[in-house]
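Quick notes on the structure that follows.
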Amino acid sequence: MAAFDDTAFDNHERVVFCHDAATGLKAIIAIHSTALGPAAGGCRLWSYATDDEALRDVLRLSQGMSYKNAMAGLKFGGGKAVIIKTPDFAGSDALYEKFGDFVEQLNGAYVTAEDVGMSVKIMETIARRTRFVSGLTPKAGKAGGDPSPKTAYGIFKGIEAAARFKLGREDLKGMTVAVQGVGNVGYYLCQYLAKAGARLTVADIDPSRVKKARDEFGATGVGLEQILSQDVDVLAPCALGAILTKDSIATLRAKIVAGGANNQLATESDGKRLTDAGILYAPDYVINGGGIINVACEYYGNVDDAAVMQQVAAIGPRLTGIFEEARKSGEPTNVIADRMARSIISRASAASA
Ligand code: NAD
């Protein structure tokens, strides 16, 4: 791709290509913005058809982290890394240590954490070589570790806020929710929803995960093709991105879309399609910010778990603010969230100029 002129580049401050022949490490670290603080975002381990695809992915994800961190009120800019899973990928400790060396060389401009394909154990290996890492084993009662339960709690608070706004509901008892993907985030979300008395329908490509949700939460399992068009109050996408398209939106019967998956809208105009269909959409990077709030609390130190939960719960009122603005202006919620995020970042840039 042509770098500076490509729309995916979107004024990134820095993009670093990391290569180490001895360990086979090939990674890209993208720093979109440090206006609000160190560029923070997870490291994804993934196989890509081409290097170009990896570059586009990391650029898109790091821009998304700028918006997510701004909207979560964190002292973090946006960044992301990908480690490319080559056909002969070894995944050795030496490779992850080398990645840690590259992060350390950036001297705090980028803070890494877990994303798809990574684990607390790998983060501990990276942390042998750099201080600029989060998502490590937590000390008892303190912030840290796997961010998924916090992400799920934020989504739960977001669903409560959406149900209050759209349906006038004070609780979730008897409400119906369809969850696409019951992996880390989807599982914990089902746990919160079941406890609140919601009735669950789930789908996952892994049948054992559906069975677990059925056994533990009394969920009904449906086929992968059926989950999006369930006649439910809430659809919670917790698997893949780009599932809200012109075609899929035409089949939705939910009144609210509120889930954890990143980049749910295939294009920006799909936000307008949802608004036109009378469906309330909770912008993904606002509702799924619980995990990065946990990462920030761990990174900035010594915050206890109860305080993290309090910060994550603020996702509910934050979404209500966006919903109210959308009702007043008639604009789609994603457009409002993007504008708010950009304005927070540009105010910080102007203040530091
Ligand atoms: P995960 O891999 O643990 O879970 C994803 C689940 O979706 C898996 O069980 C998988 O089998 C299932 N799945 C995949 N394709 C599917 C399909 N077509 N239909 C139904 N199910 C399908 O990942 P996760 O950590 O739970 O993350 C879920 C989503 O939330 C991702 O988009 C991720 O980027 C986003 N997210 C996660 C966090 C976090 O804290 N883990 C934070 C923010 C955003």
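Residue numbers (our numbering): 166 to 518.
The C-beta atom is built at its ideal place from N, Cα and C for all residues, glycine as well.
As the structure is a computational prediction, the values presented were derived from the model and not from experiment.
Roughly how many angstroms lie between the CA atoms of residue i and residue j, to the nearest whole one?
{"i": "L554", "j": "G189", "result": "For the chain, the structure presents residues 166 to 518; residue 554 sits outside this window and is missing."}
{"i": "D170", "j": "H177", "result": "11 Å"}
{"i": "I193", "j": "A200", "result": "21 Å"}
{"i": "A471", "j": "K376", "result": "31 Å"}
{"i": "T341", "j": "R504", "result": "31 Å"}
{"i": "K437", "j": "P448", "result": "12 Å"}
{"i": "T290", "j": "A461", "result": "20 Å"}
{"i": "P303", "j": "G309", "result": "5 Å"}
{"i": "E489", "j": "C183", "result": "44 Å"}
{"i": "A407", "j": "E433", "result": "11 Å"}
{"i": "T385", "j": "D369", "result": "12 Å"}
{"i": "G306", "j": "G339", "result": "33 Å"}
{"i": "D412", "j": "F254", "result": "37 Å"}
{"i": "A187", "j": "L210", "result": "19 Å"}
{"i": "G456", "j": "A168", "result": "30 Å"}
{"i": "V387", "j": "V367", "result": "6 Å"}
{"i": "G265", "j": "T295", "result": "5 Å"}
{"i": "M257", "j": "M288", "result": "One point to set straight first is that residue 257 is Ser, not Met, in the sequence displayed. Cα to Cα, the separation comes out at about 13 Å."}
{"i": "E279", "j": "D469", "result": "20 Å"}
{"i": "T277", "j": "A246", "result": "8 Å"}
{"i": "S522", "j": "V500", "result": "With the chain running from 166 to 518 in the structure shown, residue 522 is simply not present."}
{"i": "L405", "j": "A195", "result": "22 Å"}
{"i": "R329", "j": "Q395", "result": "21 Å"}
{"i": "D371", "j": "S284", "result": "20 Å"}
Which stretch, first to last residue, makes up the alpha helix (DSSP H) that contains residue i?
{"i": "P482", "result": "I480 to S494"}
{"i": "L365", "result": "Careful: L365 lies outside any alpha helix (DSSP H), inside the beta strand (DSSP E) at R364 to A368."}
{"i": "I458", "result": "G455 to Y465"}
{"i": "V451", "result": "D449 to I452"}
{"i": "I510", "result": "T498 to S517"}
{"i": "T172", "result": "Looking at the DSSP string, T172 is not in any alpha helix (DSSP H), and its letter there is neither H nor E."}
{"i": "R438", "result": "S434 to D441"}
Which residue comes first and which comes last in the beta strand (DSSP E) that contains residue i?
{"i": "A195", "result": "L190 to S198"}
{"i": "R179", "result": "R179 to D185"}
{"i": "T341", "result": "T341 to Q345"}
{"i": "L239", "result": "Segment: none, L239 is in no beta strand (DSSP E) and carries neither H nor E."}
{"i": "R418", "result": "Premise fails: R418 is in no beta strand (DSSP E) and is neither H nor E."}
{"i": "L210", "result": "C208 to W211"}
Quick one: is residue i buried, meaning 16 or more other Cβ sit within 10 Å of its Cβ, or exposed?
{"i": "A401", "result": "buried"}
{"i": "V347", "result": "buried"}
{"i": "N272", "result": "exposed"}
{"i": "T487", "result": "Before going on, a small fix: residue 487 reads as Ile here, not Thr. Result: buried."}
{"i": "D217", "result": "exposed"}
{"i": "V281", "result": "exposed"}
{"i": "E463", "result": "buried"}
{"i": "T498", "result": "buried"}
{"i": "S373", "result": "exposed"}
{"i": "R293", "result": "exposed"}
{"i": "K360", "result": "exposed"}
{"i": "R512", "result": "exposed"}
{"i": "K286", "result": "exposed"}
{"i": "A222", "result": "The identity of residue 222 in the sequence shown is Asp, whereas the question assumes Ala. By the neighbour-count rule (16 or more Cβ atoms within 10 Å), D222 is buried."}
{"i": "G466", "result": "exposed"}
{"i": "R492", "result": "exposed"}
{"i": "A415", "result": "exposed"}
{"i": "S231", "result": "buried"}
{"i": "A378", "result": "buried"}
Is the beta carbon of residue j closer than 8 Å to that of residue i?
{"i": "N427", "j": "N453", "result": "yes"}
{"i": "L409", "j": "V422", "result": "yes"}
{"i": "I392", "j": "K420", "result": "no"}
{"i": "A235", "j": "A518", "result": "no"}
{"i": "L484", "j": "A326", "result": "yes"}
{"i": "S227", "j": "G207", "result": "no"}
{"i": "R225", "j": "A259", "result": "no"}
{"i": "L358", "j": "L337", "result": "yes"}
{"i": "I458", "j": "L239", "result": "yes"}
{"i": "A214", "j": "I249", "result": "no"}
{"i": "Y353", "j": "S313", "result": "yes"}
{"i": "I318", "j": "M474", "result": "For clarity, residue 318 is Tyr in the given sequence; the question names Ile instead. Against a cut-off of 8 Å, the Cβ pair of M474 and Y318 comes out as a contact."}
{"i": "K263", "j": "D185", "result": "yes"}
{"i": "I320", "j": "G425", "result": "yes"}
{"i": "F382", "j": "Q345", "result": "no"}
{"i": "T316", "j": "V350", "result": "yes"}
{"i": "G229", "j": "P203", "result": "no"}
{"i": "K322", "j": "A502", "result": "no"}
Does any residue of chain B bring its CB to less than 8 Å from the CB of residue i?
{"i": "A292", "result": "In the structure shown, chain B cannot be found, because there is only a single protein chain."}
Compute every distance between the C-beta of residue i and the non-hydrogen atoms of the ligand GDP, then say whether any falls below 7 Å.
{"i": "Q228", "result": "Among the ligands in the structure shown, the ligand GDP does not appear; only the ligand NAD can be found there."}
Extract the residue ranges of the beta strand (DSSP E) inside the stretch 355 to 406, only unbroken runs of 3 or more that lie entirely within it.
Runs of the beta strand (DSSP E) inside the stretch 355 to 406: 364 to 368 and 399 to 402.
What residue ranges within the stretch 255 to 327 form continuous alpha helix (DSSP H) runs of no fewer than 4 residues, ordered along the chain?
DSSP runs (the alpha helix (DSSP H)) wholly in the stretch 255 to 327: 258 to 270 and 285 to 291.
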